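Input: a single structure, listed below in structure tokens.
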Amino acid sequence: PRISPDLSAVKDLLNSLHLKVHSLHAPFSGVNIASLDEEERKNSLEHIKKSMESCSEIEGEIVIIHPFSTETSGDDQSYLRAKNKTEDSLCTLATFAEKLGIKLAVENMTGKRRVGSDISELIELVTKINNPCLGLCLDTGHSFVGKEDVDLSKNVLECGRNLFALHIQDTDGKKDRHWLPGQGIINWAQFMKDLVSIDYQGVLTLEISGSPEFAERNVDHILPKAMESIKNVLKLRESIGRRRS
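Heads up: the sequence shown begins at 1 in UniProt numbering, then just goes up one per residue.
Here is the structure:
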């Protein structure tokens, strides 16, 4: 991010608590790797590279990035140019990730007219670039918001081995709610079955700040509910594993 923490102190604290950073989210507000303004795009890349360096310094594994921050207006040609800029940016960042010894995961977005809102589009880009350090972060809520006839199972199966990270949240499909699993429309039993099908071995990161009961932002109140929620999701995976054995 845009702050400059004492990374050595952060690393020491993590070591003292026997914790490891799985993923770090790069800045996205005011950052646009698909910008047709070359100066803006290059500045965006520099912001992200700083986050990648921070991740490497604290021995993190993955940096999550947004492919594009705003809805795209204009004709199909403008959209295609933005998509090409996204590809160029991802190539640059993937090479940088390889140099640092970390991974980069590009996250699917909400909406329709937006580079990266269609996970299939991101899969296409990741496959084309073909760098082992570049993969996908699937946000379950983003998969539904502003879209019709969503097939989350298809999305997961298409990601396959390129799925590096997950942002777990529920939604009603109308807005990016960030609800606890079970509070919205997502079929979590099917979702976990699909993760088993692709042998996903990564982390499930909860992004649940939007849940109504979390309005006070009190960690002592939030943590038990979040733990209960993710345990229920993991139980679904365990039950699937038992049925298969």
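Using N, Cα and C, we set each Cβ at its ideal position, and we do this for glycine too. Note that the coordinates shown come from a computational prediction; the quantities given were computed from them, not determined experimentally.
Residue burial is scored here from C-beta neighbours: V233 has at least 16 other C-beta atoms within 10 angstroms and is therefore classed as buried. Distance check between N84 and each of E61, E46, E53, R41 places R41 closest, using alpha-carbon atoms only. With a cutoff of 7 Å on beta-carbon distance, L138 and L166 are scored as near each other. In the three-state scheme derived from DSSP, where H, G and I count as helix and E and B as strand, T171 is classed as coil.
In the same chain as M52, and ignoring 5 residues on each side of it, the C-beta atoms closer than 8 Å to its own belong to A26, V63, L93, F96, A97, L100, I102, L104, in chain order. Looking at the DSSP output, D139 bridges to H167. DSSP, read as helix, strand or coil, puts K49 in helix. Distances from the alpha-carbon of H178 to those of G60, T110, S35 put T110 closest. For V63, the enclosing beta strand (DSSP E) starts and ends at 62-65.
At the C-beta level, D170 and Q183 come within 7 Å of one another. For L122, the uninterrupted alpha helix (DSSP H) segment begins and ends at 119-129. Residue pairing by DSSP leaves H221 without any beta bridge partner. V10 sits away from I65, with the two beta carbons spaced by 7 Å or more. Relative to the Cα of V156, the nearest Cα in the group W188, C55, P181 belongs to W188.
Under the three-state reduction of DSSP output, E107 falls in the strand class.
S23 carries a strand assignment under DSSP once its states are collapsed to helix, strand and coil. Inter-residue distance for I119 and L14 is about 33 Å (C-alpha atoms, whole angstroms).
Bounds of the beta strand (DSSP E) holding L206 are 204-206. Leaving aside the five residues that flank N162 on each side, the residues in its chain whose CB is nearer than 7 Å to its CB run, in chain order, I123, V126, G135, L136. In the three-state reduction of the DSSP assignment, L234 falls in the helix class.
The criterion of a C-beta distance shorter than 7 Å is not satisfied by S23 and I33. As DSSP reads the structure, W188 sits in no beta bridge.
Its Cα nearest to that of A226, the residue L206 stands out among L206, G141, R237.
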